[in-house]
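Residue numbers (the numbering used here): 247 to 435.
No residue lacks a Cβ here, since even glycine has one placed at the ideal position from N, Cα and C.
In what follows, a structure is listed as structure tokens, so that the remarks can point back to it.
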């Protein structure tokens, strides 16, 4: 049996999303530590962002999650707008891919699965904003694709702390190991 190959996903840590999160400092600090530790351990880091083409052609009017964005966000969620750029605190390197998704899950409307196969990944470590959005949707889809999953609960955040708590304590453990960034880093040792 071959050795496990892990990839860290840092999802939706983009300017416009981070700015809307109360007390974003803690989740950014945890995600930054996870990114640095992954690099040190030789674990590939993939960054995921949500963005659309100008005019939002990917958004159907029947899509409740994004049709309001398409109608009211102007160009702030388009792929070239500064609000969709990765937050600078994560200090992305040029050799680390940025996956642009068009839906909530990091898999839907992106080339994430192709990149994971290219990396030989069988384990995905998840971090991101929001716990009830990209983290939940990506976890469910990755579990259906038979990836081993780890969720860094302090490197994830949600606008509703109770939703974050319920997901990380009751829902995610059914399909993933849920741990803190510090515990994950210690296990890399």
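For residue 305, there is no enclosing beta strand (DSSP E), as DSSP marks it with neither H nor E. Residue pairing for residue 257: DSSP places it in a beta bridge opposite 294, 374. For residue 387, the enclosing alpha helix (DSSP H) has its first and last residue at 382 to 390.
Under the three-pair Cβ rule at 8 Å, the region 318 to 333 does not count as touching the region 347 to 362. Residue 400 carries a strand assignment under DSSP once its states are collapsed to helix, strand and coil.
In the DSSP annotation of this structure, residue 426 is not part of any beta strand (DSSP E), being labelled neither H nor E.
Contact check for residue 427 against residue 400 passes: the beta carbons are separated by less than 7 Å.
Beyond the five residues adjoining it in sequence on each side, residue 381 comes within less than 6 Å, by CB distance, of 372, 374, 402 in the same chain, given in chain order. Three or more beta-carbon pairs separated by less than 8 Å are not found between the region 403 to 414 and the region 288 to 297, which leaves the two stretches without contact.
The distance from the Cβ of residue 369 to that of residue 394 is about 4 Å, consistent with a contact at the 8 Å cut-off. DSSP, read as helix, strand or coil, puts residue 416 in helix. With respect to the 7 Å criterion, residue 253 and residue 365 are classified as neighbours on the basis of their beta carbons. Assignment of beta-bridge partners to residue 324 by DSSP yields 298.
Straight-line measurement puts the Cα of residue 281 at about 11 Å from the Cα of residue 288. Spanning the alpha carbons of residue 286 and residue 279 requires a straight line of approximately 11 Å. When secondary structure is reduced to three states using DSSP, residue 369 falls in the strand class.
For residue 344, the enclosing beta strand (DSSP E) has its first and last residue at 344 to 347. Note: residue 394 is bridge-paired with 369 in the DSSP secondary-structure output. Ranking 336, 324, 340, 412 by CA distance to the CA of residue 349 puts 324 first.
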